[in-house]
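Residue numbers (UniProt numbering): 1 to 485.
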Amino acid sequence: MSGGIDTHTHLQMPFMGACSVDDFYQGTKAALAGGTTMIMDFVIPEKGESLLEAYKKWRSWADEKVCCDYALHVAVTWLGPSVMEEMGELSANEGVNSYKMFMAYKGALQLDDTELYHAFQKCRDLGAIAMVHAENGDIIAENQKKLLAGGITGPEGHLLSRPEEVEAEAVNRAITIANQVNCPLYIVHVMSKSAADIIVQKRNDGYLVFGEPIAASLGTDGTHYFNKCWRHAAGHVLSPPLRPDPSTPGHLMDLLAADGLQVTGTDNCTFNSNQKALGKDDFTKIPNGVNGIEDRMAVIWEKGVVTGKMDPCRFVAVTSTNAAKIFNIFPQKGRIAVGSDADVIVWNPNVTRTISAQTHHQAVDFNIFEANFFFFSCVMGIYRPNATSARRQVIFWLFKLSNQCIVLMQGMECHGMPMYVIARGRIVVDEGELRVCQGSGQYVPTPPMAPYVYMTMRERERQRVPPKVEREAYEGPTGDGIHMS
Ligand code: URP
Ligand code: ZN
Ligand code: ZN
């Protein structure tokens with residue numbers, strides 16, 4: 001199969017007072033071990049910081065360390081004439097065709113609706129893709145204050161302050177704003193059923209919007225926030241949060257199989273226990289982020305192909321080819337063909353592997369796919385892989401009621417792993433053995449105006465010229481002479 005493309009990573013990212021522990025070496029090494037041969041990371045400038053300077057900083061961090069190819073998205077965290085100019089420069093000369101805007105992280109990265117409107121418009125003008133982190137940051141900030149004042153300081157507060165509808169509302173708003181300026185939109189880290197359903201509904205109505213669930217939202221759920229073990233619960237903190245409705249991963253996988261959602265990333269942004277502990281007394285200070293870069297392919301194979309929801313061809317589409325098309329690097333990437341990069345994996349569907357932080361190649365000391373509550377349900381004899389949603393609901397409530405410290409270090413069992421991984425022609429996994437080379441990966445420029453995305457947009461724009469009505473000038477009396485007494 002074509003090597004995986006992870007559309008969403010944050011390697012060695014300075015964030016919330018910490019720096020994610022999987023750097024460009026360790027992170028890309030783990031990616032290759034799992035069958036991902038290219039990653040797309042995010043440049044996140046601080047407010048007021050030059051986008052170009054930030055981009056150069058990320059390049060300098062990555063170039064010397066990456067073991068696989070990579071591209072960069074750039075976040076627009078503030079607006080001004082220089083930002084608009086630099087977006088132009090990045091797209092014209094530096095191979096950046098995707099910009100991420102945040103609707104959350106109030107006071108830090110968040111943009112308001114007017115700013116989103118202008119940022120989307122700029123993306124459209126450049127032929128770039130607008131990406132959004134869709135959550136209503138204003139509501140979250142109020143909820144956080146209320147919960148803290150009410151004495152909820154633990155990781156469950158993270159979930160409680162960011163309910164599903166807060167994600168769904170922002171998804172709907174982002175799609176509306178993007179449509180007003182005729183800009184293609186990409187919703188990153190789709191975490192809930194209601195957010196995903198809005199994307200599907202809008203796509204059915206003809207909107208050009210793409211949805212990216214991540215390994216975490218496809219592979220586990222938000223029941224973990226109620227775990228009595230603080231480290232366990234905090235280990236699952238990311239934004240938007242995982243959803244406690246246990247039918248969420250299955251629903252997202254159904255949509256991914258049926259093209260309601262199109263691509264998969266991981267949002268890999270890993271923090272060790274001591275870093276998560278920055279928020280031990282206040283959930284708003286827990287650095288946000290989880291793992292996924294190594295396990296994405298295996299988790300999607302397990303939950304998508306092994307369950308019979310998608311065939312191996314669709315697996316390749318959602319783990320590799322669609323990303324290459326959307327970000328305009330197809331057929332260089334996302335395809336096995338003469339002239340394409342030799343990013344190839346040989347997948348053995350007959351081996352089993354149990355995910356564990358003890359054996360993973362990542363730097364982080366925790367793995368969300370190890371903290372597996374299905375094991376608990378299996379032990380109780382009530383979980384079946386084909387359980388009805390009513391049955392899953394029962395399991396969910398039993399789990400919640402028990403409310404015990406159930407830290408079952410029993411990892412997810414995955415059927416299938418890459419026996420051989422070839423990255424740009426180099427064999428980096430050989431019979432399951434990893435042989436990477438630091439700095440051997442290359443930066444892959446993503447040119448603007450992806451035909452896959454923009455072909456229809458340009459036509460739509462032509463259809464959309466506002467219809468001015470030609471009429472005779474008004475000749476009757478005007479407001480002159482009308483007096484209020
Ligand atoms: O929790 C998350 N998602 N951390 C990384 C930053 C982001 O919002 O993507
Ligand atoms: Zn985000
Ligand atoms: Zn992210």
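Idealized CB from N, CA, C, for every residue including glycine. Since this is a predicted model, take the numbers as computed values, not measurements.
Neighbourhood of residue i by C-beta, 8 Å cutoff - its chain only, sequence neighbours within 5 removed
i, result
"Gly157", "Gln144, Leu147, Leu148, Phe283 and Thr284"
"Glu165", "Ser194"
"Val83", "Leu51 and Val76"
"Leu252", "Val190, Lys193, Ala196, Pro213, Ser217, Leu218 and Leu261"
"Lys106", "Gly137, Asp138, Ile140 and Ala141"
Beta-carbon contacts of residue i that lie in its chain and below 7 Å, excluding the five residues immediately before and after
i, result
"Ile177", "Asp113, Leu116, Tyr117 and Phe120"
"Gly425", "Ala342"
"Pro447", "Gly95, Asn97 and Asn328"
"Met191", "Glu167, Ser217, Pro240, Pro241, Leu242 and Arg243"
"Val436", "Lys29, Leu32, Cys67 and Val428"
"Asn272", "Val21, Val364 and Asp365"
Classification of residue i by the beta-carbon crowding that lies within 10 angstroms, buried from 16 upward
i, result
"Glu212", "buried"
"Val453", "buried"
"Lys56", "exposed"
"Tyr25", "buried"
"Thr220", "buried"
"Tyr99", "buried"
"Asn288", "buried"
"Tyr474", "exposed"
"Ile337", "What sits at residue 337 in the sequence shown is Ala, not Ile. Label assigned to Ala337: exposed."
"Ser20", "buried"
"residue 491", "Nothing in the structure corresponds to residue 491, since the chain is present only between 1 and 485."
"Ala130", "buried"
"Thr359", "exposed"
"Thr7", "buried"
"Asn204", "exposed"
"Asn350", "exposed"
Assigned secondary structure, residue i (DSSP; H/G/I helix, E/B strand, else coil)
i, result
"Ala130", "strand"
"Cys19", "strand"
"Met412", "coil"
"residue 487", "Residue 487 cannot be examined here, being either before or after the span of the chain that is shown, 1 to 485."
"Leu148", "helix"
"Lys276", "helix"
"His189", "strand"
"Asn403", "Any answer about Asn403 is weak, because its pLDDT of 48 lies below 50 and its placement is not dependable; what the coordinates show is given next. If DSSP states are grouped into helix, strand and coil, Asn403 belongs with coil."
"Met103", "coil"
"Ala71", "strand"
"Glu94", "coil"
"Tyr452", "helix"
"Val338", "coil"
"Glu212", "strand"
"Val316", "helix"
"Trp230", "helix"
"Pro331", "coil"
"Trp347", "strand"
Distance cut-off 8 Å: residue i Cβ against heavy atoms of ligand 1
i, result
"Ile42", "What sits at residue 42 in the sequence shown is Phe, not Ile. Phe42 Cβ: within cutoff of ligand 1."
"Met13", "yes"
"Val166", "no"
"Tyr105", "yes"
"Val290", "yes"
"His10", "yes"
Residue-chain proximity (residue i, chain B), Cβ-Cβ < 9 Å
i, result
"Ala234", "Checking the listed chains, one finds no chain B in this structure; it contains a single protein chain."
Beta bridge counterpart(s) of residue i as assigned by DSSP
i, result
"Tyr55", "None; Tyr55 has no bridge partner."
"Gly4", "Thr36"
"Thr9", "Asp41 and Asn268"
"Tyr207", "BP columns for Tyr207 are empty, so no partner."
"Arg426", "Ala423"
"Thr352", "His415"
"Tyr117", "DSSP, once it has assigned bridges, lists no residue as partnering Tyr117."
"Tyr443", "Tyr70"
"Glu433", "Asp430"
Close-in-space but distant-in-sequence residues of the same chain around residue i (CB under 6 Å, 5 per side omitted)
i, result
"Gln442", "Asp69"
"Ala30", "Ile293, Glu294, His361 and Gln362"
"Ala71", "Met40, Val444 and Thr446"
"Ile345", "Met1, Gly3, Gly35, Pro418 and Val421"
"Asn172", "Ile198"
"Thr321", "Gly334"
"Asn227", "Ala233"
Proximity test, residue i beta-carbon vs ligand 2 heavy atom, cut-off 8 Å
i, result
"Lys100", "yes"
"Val188", "yes"
"residue 486", "Because residue 486 is not part of the residues shown, which for the chain are 1 to 485, the question remains open."
"Asp267", "yes"
"Ser239", "yes"
Any non-hydrogen atom of ligand 3 within 8 Å of residue i CB
i, result
"His415", "no"
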